[in-house]
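Student:
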Amino acid sequence: MLKADTSERIFNVLIEKDEDGYYVASVVELPGCHTQAKTLDSLNRRVREAIEAYLQVAEPERPPEFIGVQQLRIKLHPQ
């Protein structure tokens with residue numbers, strides 16, 4: 371008996387509206403994975419398609435190597 375694939379992933383999608391009135395979606399976890407549409411309903415369908423296409427051709431992801439956290443002190447000059 372074959373086991374059904376029930377794995378799921380959750381993606382964060384940044385949605386913006388451009389100067390031409392189009393909705394633009396960028397998938398935070400998938401660099402270069404984005405799409406646009408005139409309506410939010412259409413955008414939702416298109417972003418799902420974009421994610422599926424991205425995952426079909428993407429190389430297996432290696433987790434990033436943690437290097438550290440850095441604080442910078444910058445002097446601000448009054449204008």
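For our numbering, add 370 to where a residue sits in the sequence shown, where the first one is 1. All C-beta atoms, glycine included, are put in the ideal place defined by N, C-alpha and C.
Could you tell me whether the segment 432-449 touches the segment 405-412, where touching means 3 or more Cβ pairs closer than 8 Å?
Tutor: Contact fails: fewer than three Cβ-Cβ distances are below 8 Å.
Student: Could you round the C-beta distance between Q406 and Y424 to whole angstroms and report it? I think they count as a contact, below 8 Å.
Tutor: As a working note, residue 406 is residue 36 in the sequence shown. As a working note, residue 424 is residue 54 in the sequence shown. About 15 Å; that fails the 8 Å criterion.
Student: Taking buried to mean at least 16 other C-beta atoms within 10 Å of its own C-beta, is L420 buried or exposed?
Tutor: Taking the sequence shown and counting its residues from 1, one reaches residue 420 at position 50. At residue 420 the sequence reads Ala, which differs from the Leu that was named. A420 comes out buried.
Student: On the DSSP bridge list, what partners appear for K387?
Tutor: Numbered from its first residue, the sequence shown carries residue 387 at position 17. DSSP, once it has assigned bridges, lists Y393 as partnering K387.
Student: Tell me the rounded alpha-carbon separation between H447 and Q441.
Tutor: Residue 447 sits at position 77 when you count from the first residue of the sequence shown. Residue 441 sits at position 71 when you count from the first residue of the sequence shown. Distance between the alpha carbons of H447 and Q441: 19 Å.
Student: How many Å lie between R416 and C403 at the Cα?
Tutor: Counting from one through the sequence shown, the residue named residue 416 turns up at place 46. Counting from one through the sequence shown, the residue named residue 403 turns up at place 33. Distance between the alpha carbons of R416 and C403 is about 11 Å.
Student: Report the partner residues of T405 according to the DSSP bridge assignment.
Tutor: Taking the sequence shown and counting its residues from 1, the one referred to as residue 405 is at position 35. DSSP output for T405 lists A395 as bridge partner(s).
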